[in-house]
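Residue numbers (the UniProt record's numbering), protein chains in the order written: chain A, 1 to 225; chain B, 1 to 225.
Yeah, the Cβ is synthetic: ideal placement off N, Cα and C, and Gly gets one too.
Accompanying notes for the structure given below.
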DNA sequence: CCCAATTTTTAGGTTAACCTAAAACTAATC
DNA sequence: GATTAGTTTTAGGTTAACCTAAAAATTGGG
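Pasting the structure below:
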């Protein structure tokens, strides 16, 4: 059931870059994407606007770039194609890693579903991949419970686990307050406990404990460690 | 030697269409090309102008379209890629003729020489084609047994000389950084200058300049050309 | 808290590759 | 040799995807 919006090649490239950067660094910034794709930051900015309009990412001015559900799906699809193409070229044809990666990049936009699917069959048959390794192909329908990036808001973190602050989303006074508490970028936090209604949340930062209201915690972007 | 002009995808498409039409009908007219590629005749006309300028076809106003020698060569190359890709997809992966042809059309512009050559090897090994059926490939192969040029690290290269990247020795982030700068395998670099203490080194890659710290340059294996 | 550096956004281009509509030309028929 | 049908060319757009330069906002260090 292809509800697929028709993505142009560059839109696919943007999505893929965002996906990879979030996976690697916990966040995808305009400059990172620009470096990655070797184009000007302003061009990326324009591209992101379009992705926003299409509902594939959600980003407010100067805010962080987040993939929406459909954006995530599209990105995974592209990435999967890329990966399979790479494996195919490198493993079965013996193309060098560099060329294989480069070509995968270019071809991933052009290959039909049919060819792609046949290629995956081939890879599976020759034991280059496990069947479940191509999530997109096998279970496009099933919802992945695990979100794309291990990046989420502090109020969603399980009690007992640790995380690292990526960014404080709020502005002005609240932001200052949170930063004064020691919740700067890169700070390691540990969620110690949570009251019955989820509020307040007790966390430990830099050795001392503090408690946050849930809506405050919801402003803090972290990645699990 | 490869004096290859860099052809855009549509220019390649025009050439291929012209080649095929001449082969089929003995002539290629603007309208035929337009029908073939499903675009407006006026667009074809514009495209032909560019091919004329590049010296790939020769055509006077309202006159017949003829491929020049270099145009013929380029067209044959594209056609050969198309054909091989088609065979590969159809014969070895079992992709339907329609999809295989369609995909070949799209991919032929993107595939590197290396992947193409590996694909042809595969086809030959499995007896899907005869060796001499791909004239264009043979040439590429003959060039291969060339002398192993002297290999050394980029920081040892004399100012003013040119080299080709063989390998990036470093790993991880640094490797990515270097590759993002365009220092991929096969990239031609020219050492433009060097500061008094040998650091930084200024090089030119793919037309633009960049400067590297000495220890970064020491991670890049190159061979002189 | 302020200042400098960095990042993001805006403003205002360019280019390739298409388009439609109409004009200029050629060829084919009467 | 005029008319007409078909072909090619020109004129004047549009769009996507990039660009540079500069303005605006954010971040980070002292």
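In DSSP terms, what residue i is bridged to
i, result
"residue 224 (chain B)", "B:163"
"residue 153 (chain A)", "A:221"
"residue 67 (chain A)", "A:57"
"residue 212 (chain A)", "A:201"
Integer-rounded CB distance, given that residue j should sit under 8 Å from residue i
i, j, result
"residue 223 (chain B)", "residue 163 (chain B)", "6 Å"
"residue 79 (chain B)", "residue 122 (chain B)", "Residue 79 (chain B) to residue 122 (chain B), Cβ: 19 Å. No contact."
"residue 153 (chain B)", "residue 220 (chain B)", "6 Å"
Residue i: first and last residue of the uninterrupted alpha helix (DSSP H) it sits in
i, result
"residue 21 (chain B)", "9-25"
"residue 102 (chain A)", "97-107"
"residue 33 (chain B)", "30-37"
"residue 113 (chain A)", "113-125"
Top-ranked residue by Cα proximity to residue i, from the options
i, options, result
"residue 39 (chain A)", "A:79, A:54, A:203, A:14", "A:14"
"residue 74 (chain B)", "B:17, B:219, B:157", "B:17"
"residue 105 (chain B)", "B:41, B:45, B:36", "B:36"
"residue 124 (chain B)", "B:158, B:88, B:107, B:159", "B:88"
"residue 28 (chain A)", "A:166, A:219, A:8", "A:166"
"residue 192 (chain A)", "A:215, A:157, A:220, A:216", "A:157"
"residue 68 (chain B)", "B:97, B:77, B:61, B:51", "B:51"
"residue 201 (chain B)", "B:159, B:65, B:108", "B:159"
"residue 215 (chain A)", "A:21, A:187, A:161, A:155", "A:155"
"residue 6 (chain B)", "B:24, B:54, B:62", "B:54"
"residue 26 (chain B)", "B:60, B:8, B:66, B:41", "B:66"
"residue 83 (chain A)", "A:218, A:117, A:22", "A:117"
"residue 64 (chain B)", "B:95, B:8, B:30", "B:30"
Residue j beta carbon less than 9 Å from that of residue i
i, j, result
"residue 111 (chain B)", "residue 101 (chain A)", "no"
"residue 71 (chain B)", "residue 10 (chain B)", "no"
"residue 44 (chain A)", "residue 57 (chain A)", "no"
"residue 99 (chain A)", "residue 93 (chain B)", "no"
"residue 77 (chain B)", "residue 128 (chain B)", "no"
"residue 108 (chain B)", "residue 12 (chain B)", "yes"
"residue 203 (chain B)", "residue 225 (chain B)", "no"
Check: residue i C-beta below 8 Å from any heavy atom of the ligand SAM
i, result
"residue 100 (chain A)", "As far as ligands go, the structure on display features none, and thus does not contain the ligand SAM."
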